[in-house]
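Contents: one structure, followed by commentary.
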Amino acid sequence: DNIFFDISNADFSIVPATTPDFVLNTPDVEGEMVCLPATLAIDFSIDSLLGFGEMVTLSVPNLPAGITATFSADQMLPGNSGTLTLDIPDDPGLHGDLLFHIRAEAAGVAMQERPVSYHLVSNNFSALELLQPADGLTGQSPLVDFSWTNLANANTYTLEVSTDPTFDAGALVVNESGLGDAQFSVGLEGNTAYFWRVKATNECGEGNFGAIHTFHTITQSCKTLNSTDGPFNISSAGLPVIQSQITIAENGQISDVNVPNIKGNHVAVGDLEFRLRSPDDEVVILYKDPTCGTNQFNFGFDDESSLVPPSPCTPNTGLVYKPFEPLAAFIGKDVQGTWTLETAVVNDLGDGGTFESWAFEYCGSFEVNNPFVVNNHALRVPPNDSRAIPADSLMVQDADNGPNELSFTIVTMPQFGTLSLNGSPLGVNGMFTQSDLNNRRVRYENTDGSAAEDGFTFIVRDGNGGFLGTPRFQFIIDPDAPVGTTETEVSNAFRLYPNPARDFILLEWNETINESLDVSVFNVHGQLLSAYRFDPTSQKVQIPTASLPAGVYLITIKMKENTIGKRIIIE
Numbered sequence: 003d004n005i006f007f008d009i010s011n012a013d014f015s016i017v018p019a020t021t022p023d024f025v026l027n028t029p030d031v032e033g034e035m036v037c038l039p040a041t042l043a044i045d046f047s048i049d050s051l052l053g054f055g056e057m058v059t060l061s062v063p064n065l066p067a068g069i070t071a072t073f074s075a076d077q078m079l080p081g082n083s084g085t086l087t088l089d090i091p092d093d094p095g096l097h098g099d100l101l102f103h104i105r106a107e108a109a110g111v112a113m114q115e116r117p118v119s120y121h122l123v124s125n126n127f128s129a130l131e132l133l134q135p136a137d138g139l140t141g142q143s144p145l146v147d148f149s150w151t152n153l154a155n156a157n158t159y160t161l162e163v164s165t166d167p168t169f170d171a172g173a174l175v176v177n178e179s180g181l182g183d184a185q186f187s188v189g190l191e192g193n194t195a196y197f198w199r200v201k202a203t204n205e206c207g208e209g210n211f212g213a214i215h216t217f218h219t220i221t222q223s224c225k226t227l228n229s230t231d232g233p234f235n236i237s238s239a240g241l242p243v244i245q246s247q248i249t250i251a252e253n254g255q256i257s258d259v260n261v262p263n264i265k266g267n268h269v270a271v272g273d274l275e276f277r278l279r280s281p282d283d284e285v286v287i288l289y290k291d292p293t294c295g296t297n298q299f300n301f302g303f304d305d306e307s308s309l310v311p312p313s314p315c316t317p318n319t320g321l322v323y324k325p326f327e328p329l330a331a332f333i334g335k336d337v338q339g340t341w342t343l344e345t346a347v348v349n350d351l352g353d354g355g356t357f358e359s360w361a362f363e364y365c366g367s368f369e370v371n372n373p374f375v376v377n378n379h380a381l382r383v384p385p386n387d388s389r390a391i392p393a394d395s396l397m398v399q400d401a402d403n404g405p406n407e408l409s410f411t412i413v414t415m416p417q418f419g420t421l422s423l424n425g426s427p428l429g430v431n432g433m434f435t436q437s438d439l440n441n442r443r444v445r446y447e448n449t450d451g452s453a454a455e456d457g458f459t460f461i462v463r464d465g466n467g468g469f470l471g472t473p474r475f476q477f478i479i480d481p482d483a484p485v486g487t488t489e490t491e492v493s494n495a496f497r498l499y500p501n502p503a504r505d506f507i508l509l510e511w512n513e514t515i516n517e518s519l520d521v522s523v524f525n526v527h528g529q530l531l532s533a534y535r536f537d538p539t540s541q542k543v544q545i546p547t548a549s550l551p552a553g554v555y556l557i558t559i560k561m562k563e564n565t566i567g568k569r570i571i572i573e
């Protein structure tokens, strides 16, 4: 006897089979979640009704492209079981619900199909792209709107923003996880280079951080200039207006203006009115008080001051007061041009006086001269060899900074080699200058001769707010790469043996070397293990290696003009 429970509201009949047939049995896996990539094993069986004994042929029609279906046997007699294997790649296009049918066909009876469904979840987030701010953007507002690709297979995102490309905890300024939208806004500091990256997460786990993009926030600073055109006589005749001028050469949008100090004397300060006139002739009254009878003035004005000029006045205090009219009227204007401090006589009673000087303070965002690329030409390097990066391959310039002030920062390292400066290994966030490139102090060594190309990305800063990001410098790994004569001659002047070595290595050089040698031993992680200085007259020295574990090591030989790197193997 067979017993089952019916949960439908329909009437139906259970009747025995009257003709021979077969039954295809499949598991109930409706909507089961599968993390990609995956290999699914689906067991099935074929039963016989009334002695049906014809061969049954199995197939899976209309599977999405990329999914491979394999039967343990695609033909079998009733009374047997088998396995359908599905190989599903981690293709974001497959993310979502998968419904397919296992089809069974035999001669003389109707075809049978059984539905099978899964919910596929792709962890392939390779389509994620950083959109805004654009890579290498300069002059970004400190209020930053970040955006990136909204992926169909991502549930949440993690955004990291850092002041250096290592993204170490001490440099992180934004670390937001669980973001449901592909955007985020945050306020950052001005005049700062930032690095940012995003990773996606779903129910099958989190992806890796992808590309690193950079931007530089707008350069904001405050500057104070003092007048140099005074002193001026304030005549006692008529109603003169004394004008003292300060000219600003640079461009920039004003965020704050102050007049820190005005100095002079007049028989009655109450007979004077002090005004600041902008290059576009907008005027703000700083001070007027007809009750002020003192004859000296030494004061300043700032909207943010908590002090209001007392009445009757005491303007000879050297203190900074709130102006009669707000200086905020100048916010948003271009600072470039001539600013005029007007001292107007408004009452002709009195004996005149002297205007001595004034100071003008302005804050805002100012245009800077950004570094720009002059040369960025791929450098050809022989497999498992090294080359200095010359200025004719990589050079940046700046209108107001020299080679020593143009500082490179490494954002991503080569995958198949190392970088060094004066023989010392460089890594992410490592720095060198254009002067180092000019003097061939930066060197690349290829450590995987099978690679076709390699490279690193970088930013350049000039110390004045100028910024360049994020070019990539390329190395082409080429057995036919040309060899520089001078470099080869220097390298060939040294011999390091035996290689492989055990207890010691010998360093030998010829008579063309006539300066002291600084020799360093590094492991493959860039850690300095030992260092020596040798007199050039020795021409042969022994370097102990007995304490070193077996492995590959880098020996650097540093001179004034050249640094040579050689690899050794310790057995």
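The sequence shown runs 3 to 573 under the working numbering.
C-beta: ideal position from N, C-alpha, C; glycine also.
Local Cβ density within 10 Å of residue 443, reported as buried at 16 or more and exposed below that: Your numbering for residue 443 matches position 441 in the sequence shown. Around the Cβ of residue 443, a 10 Å sphere holds 16 or more other Cβ atoms; the residue is buried.
Along the chain, where does the alpha helix (DSSP H) containing residue 437 start, and where does it finish? Here residue 437 refers to the residue found at position 435 of the sequence shown. In the DSSP assignment, residue 437 falls within the alpha helix (DSSP H) that extends over 436-440.
For residue 387 and residue 568, I'd like the C-alpha separation in whole angstroms. Walking along the sequence shown from the start, residue 387 turns up at place 385. Walking along the sequence shown from the start, residue 568 turns up at place 566. Residue 387 and residue 568: Cα-Cα distance of roughly 9 Å.
Whole angstroms are fine: how far does the CA of residue 502 sit from the CA of residue 550? As a first step, residue 550 is located in the sequence shown; it is residue number 548 there, counting from the start. As a first step, residue 502 is located in the sequence shown; it is residue number 500 there, counting from the start. Residue 550 and residue 502: Cα-Cα distance of roughly 13 Å.
For a quick check, are the C-beta atoms of residue 216 and residue 197 less than 8 Å apart? Along the sequence shown, read from residue 1 onward, the residue named residue 216 stands at position 214. Along the sequence shown, read from residue 1 onward, the residue named residue 197 stands at position 195. For residue 216 and residue 197, yes; Cβs fall inside 8 Å.
Which first and last residues belong to the beta strand (DSSP E) in which residue 507 is found? Against the sequence shown, residue 507 aligns to sequence position 505. Note, residue 507: beta strand (DSSP E), 506-511.
Which residues in the same chain have their Cβ closer than 7 Å to the Cβ of residue 210, if we skip the five residues on either side of it in sequence? Residue numbering aside, residue 210 sits at position 208 when the sequence shown is read from its first letter. The answer, listed in chain order, is 201.
I need the boundaries of the beta strand (DSSP E) containing residue 121, first residue and last residue. Within the sequence shown, numbered from 1, the residue matching residue 121 stands at position 119. Bounds of the beta strand (DSSP E) holding residue 121 are 114-123.
Sorted by chain position, which residues of the same chain lie with C-beta nearer than 6 Å to residue 2's C-beta, five sequence neighbours on each side aside? Because the chain here runs from 3 to 573, residue 2 falls outside it and cannot be looked at.
Can you tell me which of 199, 193 and 28 puts its alpha carbon nearest to the alpha carbon of residue 186? Taking the sequence shown and counting its residues from 1, one reaches residue 186 at position 184. Closest option to residue 186, Cα to Cα, is 199.
Would the region 494-511 count as touching the region 404-422 if we require 3 or more Cβ pairs under 8 Å? By the C-beta criterion, the region 494-511 is judged not to be in contact with the region 404-422, since fewer than 3 inter-stretch pairs fall below 8 Å.
Among residues of its own chain, excluding the 5 on either side of residue 206, which ones have a beta-carbon nearer than 7 Å to its beta-carbon? In the sequence shown, the residue the question calls residue 206 occupies position 204. Once the five neighbours on either side are set aside, the close Cβ partners of residue 206 are 37, 123 and 125.
Taking Cβ to Cβ, would you say residue 229 is nearer than 8 Å to residue 248? Within the sequence shown, numbered from 1, the residue matching residue 229 stands at position 227. Within the sequence shown, numbered from 1, the residue matching residue 248 stands at position 246. Residue 229 places its beta carbon less than 8 Å from that of residue 248.
For residue 370, which residues does DSSP report across the bridge? Along the sequence shown, one-based indexing puts residue 370 at 368. Here residue 370 is not bridged, per DSSP, to any residue.
With a CB to CB cut of under 7 Å and the five nearest residues on each side skipped, what residues in its chain are close to residue 92? In the sequence shown, the residue the question calls residue 92 occupies position 90. Once the five neighbours on either side are set aside, the close Cβ partners of residue 92 are 38, 39, 124, 125 and 126.
Please name the residue, chosen from 552, 438, 97 and 30, that lies closest to residue 506 on a Cα-to-Cα basis. Here residue 506 corresponds to residue number 504 of the sequence shown, with the count starting at 1. Of the candidates 552, 438, 97 and 30, the one whose C-alpha sits nearest the C-alpha of residue 506 is 552.
Classify residue 60 as helix, strand or coil using the three-state DSSP reduction. Stepping through the sequence shown from its first residue, residue 60 is reached at position 58. Three-state DSSP puts residue 60 in a strand.
For residue 393, collect the residues of the same chain with a Cβ closer than 6 Å to its Cβ; drop the 5 residues on either side in sequence, then sort them by chain order. By 1-based counting over the sequence shown, the position of residue 393 is 391. Only residues of its own chain outside the window of five on either side were considered, and among them 439 and 440 have a CB closer than 6 Å to the CB of residue 393, listed in chain order.
Rounded to whole angstroms, what's the CA-CA distance from residue 148 to residue 456? Just pull it up for me. By 1-based counting over the sequence shown, the position of residue 148 is 146. By 1-based counting over the sequence shown, the position of residue 456 is 454. Taking the straight line joining both Cα atoms gives about 30 Å.
Distance between residue 463 and residue 472 (C-alpha atoms, nearest Å): Residue mapping note: residue 472 aligns to position 470 of the sequence shown, counting from 1. Residue mapping note: residue 463 aligns to position 461 of the sequence shown, counting from 1. Using only the alpha carbons, I get a separation of about 11 Å.
Among 277, 133 and 189, the one whose alpha carbon lies nearest that of residue 360: On the sequence shown, residue 360 is found 358 positions in, with the first residue counted as 1. It is 277 whose Cα lies nearest to the Cα of residue 360.
Going by beta carbon distance, what residues of the same chain come within less than 8 Å of residue 487, once the five residues before and after it are set aside? Numbered from 1 along the sequence shown, position 485 holds the residue referred to as residue 487. Confidence at residue 487 is low in this model, with a pLDDT of 45, below 50, so the placement of that residue should be treated as unreliable; the coordinate-derived value is given next. The beta carbon of residue 487 is closer than 8 Å to none in its chain, skipping five residues each way along the sequence.
Got a sec? Which residues, its chain only, sit under 6 Å from residue 218 by beta carbon, not counting five neighbours each side? Within the sequence shown, the letter at position 216 stands for residue 218. Correct list, in chain order: 140, 195 and 469.
With distances taken between CB atoms, is the gap from residue 295 to residue 262 smaller than 8 Å? Along the sequence shown, one-based indexing puts residue 295 at 293. Along the sequence shown, one-based indexing puts residue 262 at 260. For residue 295 and residue 262, no; Cβs fall outside 8 Å.
Taking the C-alpha atoms as reference points, what is the distance between residue 298 and residue 318? Counting from one through the sequence shown, the residue named residue 298 turns up at place 296. Counting from one through the sequence shown, the residue named residue 318 turns up at place 316. Between the C-alpha atoms of residue 298 and residue 318 there is a straight-line separation of about 6 Å.
From the DSSP secondary-structure annotation, give me the bridge partner or partners of residue 419. As a working mapping, residue 419 is identified with position 417 in the sequence shown. According to DSSP, residue 419 bridges with 448.
What is the C-beta distance between residue 354 and residue 244, in whole angstroms, given that I count them as a contact (C-beta under 8 Å)? By 1-based counting over the sequence shown, the position of residue 354 is 352. By 1-based counting over the sequence shown, the position of residue 244 is 242. Their Cβ separation, rounded to whole angstroms, is 10 Å, which puts residue 354 and residue 244 out of contact at 8 Å.
Please indicate yes or no: does the CB of residue 23 lie closer than 7 Å to some heavy atom of the ligand ZN? Of the ligands one can find in the structure shown there are none, so the ligand ZN has no counterpart to examine.
Contacts around residue 516, its chain only, beta-carbon distance under 7 Å, and the 5 residues preceding and following it disregarded: Counted from its first residue, the sequence shown places residue 516 at position 514. So the list reads 538, once near-sequence residues are dropped.
Quick one: is residue 374 buried, meaning 16 or more other Cβ sit within 10 Å of its Cβ, or exposed? Residue numbering aside, residue 374 sits at position 372 when the sequence shown is read from its first letter. In this structure residue 374 is exposed. Its beta-carbon is surrounded by fewer than 16 other beta-carbon atoms within 10 angstroms.
Mark residue 389 as exposed unless 16 or more other C-beta atoms lie within 10 angstroms of its C-beta, in which case mark it buried. The count along the sequence shown starts at 1 and reaches residue 389 at position 387. The residue is buried, with at least 16 neighbouring Cβ atoms inside 10 Å.
Could you check if residue 311 is buried or exposed, using at least 16 other CB atoms within 10 Å of its CB as the buried criterion? By 1-based counting over the sequence shown, the position of residue 311 is 309. Counting the other CB atoms within 10 Å of its CB gives residue 311 a total of 16 or more, which places it among the buried residues.
Give the secondary structure of residue 487 by DSSP, where H, G and I count as helix, E and B as strand, and everything else as coil. Taking the sequence shown and counting its residues from 1, the one referred to as residue 487 is at position 485. Since pLDDT at residue 487 reaches only 45, below the 50 mark, its modelled position is unreliable, and no value is offered.
Rounded to the nearest angstrom, what separates residue 476 and residue 460 at their Cα positions? If you number the sequence shown from 1, residue 476 lands on position 474. If you number the sequence shown from 1, residue 460 lands on position 458. When rounded, the separation of the alpha-carbon atoms in residue 476 and residue 460 is 11 Å.
Do three or more CB pairs link the region 410-417 to the region 378-386 at distances below 8 Å? At 8 Å Cβ cutoff, the stretches do not touch.
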